[in-house]
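Quick note: the sequence shown, position 89, residue 91 per the numbering used here, numbers continuous.
Cβ coordinates follow ideal geometry from the N, Cα and C atoms, glycine included.
Values in this document were obtained by computation on a predicted structure and should not be read as measured data.
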Amino acid sequence: MCYMGLLAYLLCSAGLLTIREVPAGTRLEVRLTSTVGSYASKAGSPVTAVLIAPVRVGGELLLPAGSILTGTVKSVRRVGLGVVHETAAMSLEFTEIFLPDDETLPLSARVIAVDNGRERVEKNGEIGGMRMTSSVAYRVSGYIRMALMMDIHAELAIWAIKTLVIQVPEPEIYFKPGVELSLTLTEPLPARAQHEPEDAPRRLAESERDSLDQILATMPNRTTRPSNGRPSDMVNLMFVGTREQIAAAFLAAGWSEAAPSNMHSRLKGVRAFVEGRGSESFPMTALLLNDQEADMSWQKGLNDMSKRHHVRIWKQAQTWDGQEVWAAAATRDIDFAYMHHGSAMTHRIDGNIDQERDKIAYDLAFTSYVDELDWAERSGVPGIMRNGTGDLMSTDKKLAVIRLRDSETPRLSTDTQEMDSLPVHGRMGQRFVRREILSMRNDIVRNNVYWRGYEGVRWIVTNVRKRNRPPEVADVAPNPSFTRFLSLR
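Right, dumping it as structure tokens:
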């Protein structure tokens, strides 16, 4: 009996030794698998999401990709008819995480970012929507109304244009399955070490790293702008595989191929911009690698033209183990920039380009199309640099290496546990009344020479300051919580 008790104690102690702790502040990247919206969701409504990037501590896998998070809508504020509120708001609370081995862990986490263009997240985790009357189209109509406000016929014509022609963005928040959120743990999460999933990507072997160094020695590190040859985006990814495998992985991950740059695609983009909505196929500006334009350009558009994920990919002359090699440069657009280093209008990028690199790596790995995933050190690459339009970029100098494979059962970004959708907004009559009420509120507060003058001066001053602001490393320093997230790979 004594020996049996001792054996039980030792087994119990061994089990306890496998307990690790995911520290507070660790970032969790998740994708919604249920629909939530400010118009139809209520406090207490269930919400589910899937973890799309694994979390490791000290090299051990604690939270595998594919783990399911559950929670509720904590609070919600809808616009309704617009009598009380001009903007919507919503708070989500995730309280449990279900691991693939059926273990359930209590979770304490706060939303810190929504991978959308229009919504913003406050410090307390509340998600705020946009004001319907904040679109460029509506603002321009305000200046026209102010110029013609003394003419009754013009007033009637402008009312008709404002009400029947100008498209305004939907002010209610609506997140369908596939919308991505970033959470941060507010309390440490004890968890056991997990086995690597069978379809998880392998790490590079030492022999592969030796041959990889030879390829990297001949691969250029920077793209250039065709107009002036100025160095631009940094090459931060390498794909190994066929064009078809790359395309299949990006499509499964919810990305779309950028449209060719022509008059039709540019006009569609301009219309989306003035109406305050997104575009899945907006073209990218040309960048060169080895004096060649990209062979492929992929993007994940958000619900506003000012923000998107994007990557340009070039086929290389080298092969690796008989497979095609592709170099890629990835950045994330986070805002518009005006009169920026010779460009009347362009996008401003997120300075922490490593975050976009790893976003793509984990997006594709989640689909099961990735056979190998690792990060390779490079020498001779600066840690701080500027792109072709003058934006600062910071990097840890690593290149993500992604070897692709075929997959008969890929995991898609559209996989969901909930097929029923929620109403986005009220019926046509309610929307018409809401539009008139919000327009009237906006006109009373903002459609006057004082507000318009203030708005114009603020816009000019803000953009001049952004353009002339001296460079600071702090501006592009990685987010501490995300740095910790990456170190858990």
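| Item | Value |
| --- | --- |
| Using C-beta distances below 6 Å, list every residue in its chain close to residue 415, excluding the 5 sequence neighbours before and after it, in chain order. | 180, 255 and 256 |
| Once you ignore the five residues that flank residue 109 on each side, which residues in its own chain have a CB closer than 7 Å to its CB? | 71, 96, 97, 98, 99 and 191 |
| Whose C-alpha, out of 300, 247 and 436, is nearest the C-alpha of residue 2? | The structure shown does not extend to residue 2, since the chain is modelled only from 3 through 491, so no value can be given for it. |
| Rounded to the nearest angstrom, how far is the Cβ of residue 336 from that of residue 352, given a contact under 8 Å? | 5 Å |
| Tell me where the alpha helix (DSSP H) around residue 430 begins and ends. | 430-448 |
| For residue 58, which of 42, 292, 389 and 197 has the nearest alpha-carbon? | 197 |
| Could you have a look at residue 286 and say whether DSSP puts it in helix, strand or coil? | coil |
| Hey, would you say residue 425 sits closer than 7 Å to residue 41, going by beta carbons? | yes |
| Quick check on the DSSP output: what are the complete alpha helix (DSSP H) runs of length 4 or more inside the segment 344-373, in order along the chain? | 355-368 |
| When you compare the segment 423-439 with the segment 229-244, are there three or more beta-carbon pairs, one atom per stretch, that lie closer than 8 Å? | no |
| Once you ignore the five residues that flank residue 477 on each side, which residues in its own chain have a CB closer than 7 Å to its CB? | With a pLDDT of 42 at residue 477, under the threshold of 50, the modelled position of this residue cannot be trusted; read the value that follows with caution. Answer for residue 477: 353 and 394, listed in chain order. |
| From 76, 68 and 56, pick the residue whose C-alpha is nearest to that of residue 45; which is it? | 76 |
| My parser needs the alpha helix (DSSP H) runs of 4 or more residues fully inside the segment 196-241; what are they? | 208-220 |
| Please go through the same chain and pick out, in chain order, the residues whose beta-carbon is closer than 6 Å to the beta-carbon of residue 370, but skip the five residues on each side of it. | 201, 409, 412 and 413 |
| When you compare only the Cα positions, how much space is there between residue 259 and residue 320? | 24 Å |
| So what's residue 73 in DSSP terms, helix, strand or just coil? | strand |
| Compute the Euclidean distance between the alpha carbons of residue 298 and residue 204, then round it to the nearest angstrom. | 26 Å |
| So, at 6 Å on beta carbons, what are the nonlocal neighbours of residue 187 in its own chain, with the 5 sequence-adjacent residues on each side left out? | 26, 28 and 111 |
| Could you check which residue in 245, 250, 334 and 433 has the C-alpha nearest to that of residue 2? | Past the boundaries of the shown model lies residue 2; the chain is included only from 3 to 491, so the question cannot be answered. |
| Applying the criterion that 16 or more other CB atoms from any shown protein chain within 10 Å of the CB defines a buried residue, is residue 430 buried or exposed? | exposed |
| Let me check one thing: in DSSP terms, what residues is residue 302 bridge-paired to? | 311 |
| Where residue 301 and residue 285 are concerned, what is the direct C-alpha to C-alpha distance, given to the nearest angstrom? | 9 Å |
| Grab me the residues of residue 289's own chain with a C-beta within less than 8 Å of its C-beta, minus the 5 sequence neighbours each way, in chain order. | 225, 226, 227, 228, 234, 235, 295, 296, 314, 331 and 390 |
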